[in-house]
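So the structure is just underneath, and the comments pick up after that.
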Amino acid sequence: MLNRPQRIAAINDLSGFGRCSLTVIIPTLSAMGLQVCPVPTAVLSTHTGGLGECVFRDLTDFIQPTLEHYRSLQLDFECVYTGFLGSSDQIDLCRAFFAAYPSSFKVVDPVMGDHGKAYRTYTHEMVQRMKELAREGDLITPNLTEACLLLEQAYNEYPLSSSQAKSMLVRLSELGPDKVVVTSVLMADGTVCNVGYDRQRGAFWRVMCDFVPAEYPGTGDLFSSVLVGALLKGDSFPLAIDRATQFTELAVKTTFGYGTPPQHGVLIEPCLDWLTTHKILKSYTLL
Ligand code: PXL
Numbered sequence: 384m385l386n387r388p389q390r391i392a393a394i395n396d397l398s399g400f401g402r403c404s405l406t407v408i409i410p411t412l413s414a415m416g417l418q419v420c421p422v423p424t425a426v427l428s429t430h431t432g433g434l435g436e437c438v439f440r441d442l443t444d445f446i447q448p449t450l451e452h453y454r455s456l457q458l459d460f461e462c463v464y465t466g467f468l469g470s471s472d473q474i475d476l477c478r479a480f481f482a483a484y485p486s487s488f489k490v491v492d493p494v495m496g497d498h499g500k501a502y503r504t505y506t507h508e509m510v511q512r513m514k515e516l517a518r519e520g521d522l523i524t525p526n527l528t529e530a531c532l533l534l535e536q537a538y539n540e541y542p543l544s545s546s547q548a549k550s551m552l553v554r555l556s557e558l559g560p561d562k563v564v565v566t567s568v569l570m571a572d573g574t575v576c577n578v579g580y581d582r583q584r585g586a587f588w589r590v591m592c593d594f595v596p597a598e599y600p601g602t603g604d605l606f607s608s609v610l611v612g613a614l615l616k617g618d619s620f621p622l623a624i625d626r627a628t629q630f631t632e633l634a635v636k637t638t639f640g641y642g643t644p645p646q647h648g649v650l651i652e653p654c655l656d657w658l659t660t661h662k663i664l665k666s667y668t669l670l
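Going by the working numbering, the sequence shown opens with residue 384, and the numbers climb by one from there.
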């Protein structure tokens with residue numbers, strides 16, 4: 384048995400303002416009782432989503448020496464969790480982290496875009512390389528845009544039937560990962576759902592999200608962090624999807640209530656204590 388909190392190497396960017404990536408991942412997973420060791424892929428003044436020209440410093444050359452340092456310390460990580468990457472070389476460096484910790488839970492959040500479009504820092508080559516990384520994950524958590532990029536299929540806003548959603552999940556899992564969650568899927572019954580597939584069990588799950596007429600950056604990072612934290616803490620897969628969905632919804636609704644500018648991200652600060660109450664949830668259903 385571990386006599387310390389589980390440890391996660393979080394390979395992601397540090398955007399000073401705007402609440403996304405590491406500034407969301409660290410407080411969220413810490414509140415859940417896990418230790419986050421950030422490996423910043425880039426430092427930015429803000430995220431890239433509507434706050435003007437941000438200052439961007441690539442940190443590709445920081446990652447390998449960091450890994451070597453951790454190995455020399457014989458540090459163990461129970462989880463390696465990758466997210467926003469600043470250059471295609473960073474994909475090889477993430478793979479080196481995975482290879483260095485073969486028994487860790489490997490999570491790839493293939494952060495590449497939203498609402499049908501790739502983020503402006505993502506080149507076509509990076510999208511291709513992200514697919515290679517996704518192959519090595521135990522769990523991947525694309526949104527619908529990223530799922531379409533990984534599957535090289537056109538994005539459209541038509542609703543998906545249950546069987547279309549299942550087919551998408553199976554095809555993503557065929558890239559490599561045992562577990563797949565696709566977020567923000569508009570279903571044929573008019574609901575927006577987060578849907579998941581556990582290949583080993585052959586089970587498909589869905590958790591419905593409340594519609595809120597606003598879009599915030601960083602919600603994917605928030606969702607994935609809670610999902611990862613919940614799985615590491617022993618939640619079942621559907622329960623973890625449920626917990627991540629409920630918490631993201633709480634943060635989004637709280638923010639919408641305050642009416643702060645969407646580019647400032649979701650107000651996680653007043654919400655974090657929800658994560659410490661170990662609520663049991665049951666709004667998941669089979670897909
Ligand atoms: O949350 C996704 C994300 C992460 N990192 C940076 C971003 C974004 C989305 O805009 O700009 C730098």
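All C-beta atoms in this analysis are idealised placements derived from N, C-alpha and C, irrespective of residue type, glycine included.
Three-state secondary structure assigned by DSSP to residue i
i	result
M570	strand
G585	coil
D625	helix
S486	coil
D593	coil
T660	coil
S463	Just to set this straight, residue 463 is Val in the shown sequence, not Ser. Looking at V463 - three-state DSSP - the assignment turns out to be strand.
F491	In the sequence under discussion, the amino acid at residue 491 is Val, which differs from the Phe named in the question. In the structure shown, V491 sits in a strand (DSSP, three-state: E or B).
I523	strand
P644	coil
E535	coil
G603	helix
M551	helix
Q447	helix
I651	coil
M616	It is worth fixing the name first, because residue 616 is Lys in this sequence and not Met. Looking at K616 - three-state DSSP - the assignment turns out to be coil, as it is neither helix nor strand.
L468	coil
M509	helix
Assumed close pair residue i, residue j - CB separation to whole angstroms, cut-off 8 Å
i	j	result
E461	R390	6 Å
T465	G496	Going by Cβ atoms, the distance from T465 to G496 rounds to 16 Å, so no, they are not a contact pair.
R626	V609	6 Å
S428	C437	5 Å
F606	T631	5 Å
G601	C477	Incorrect: roughly 20 Å between the Cβ atoms, too far for contact.
A679	C654	Because the chain here runs from 384 to 670, residue 679 falls outside it and cannot be looked at.
Q646	G433	5 Å
D604	V463	Not a contact, Cβ separation roughly 16 Å.
L648	G401	Note on residue identity: the sequence assigns Gly, not Leu, to residue 648. Indeed they touch by this definition, with Cβ atoms about 5 Å apart.
Bridge-paired residues (DSSP) for residue i
i	result
G579	V564, W588
R440	V426
V400	The sequence given here places Phe at residue 400; Val does not occur at that position. Paired residue(s): T429.
A541	It should be noted that the sequence gives Tyr, not Ala, for residue 541. DSSP, once it has assigned bridges, lists no residue as partnering Y541.
I409	None; I409 has no bridge partner.
N395	P423
Q418	R390
T668	R589
G496	A501
Residue i vs residue j beta-carbon contact at 8 Å
i	j	result
V490	G520	yes
L532	V553	no
G559	A517	yes
F445	P410	no
S471	R512	yes
P493	I523	yes
A483	L450	yes
K665	F620	no
L442	A425	yes
S544	L670	no
A378	F480	Absent from the structure is residue 378, since the part of the chain shown begins at 384 and ends at 670.
T504	G469	yes
Which residues count as close to the ligand PXL when the rule is a CB under 6 Å from any of its heavy atoms, in chain order?
-> D396, S398, C403, S404, L427, H430, T431, G432, F467, V494, Y502, P600, G601, G603, D604
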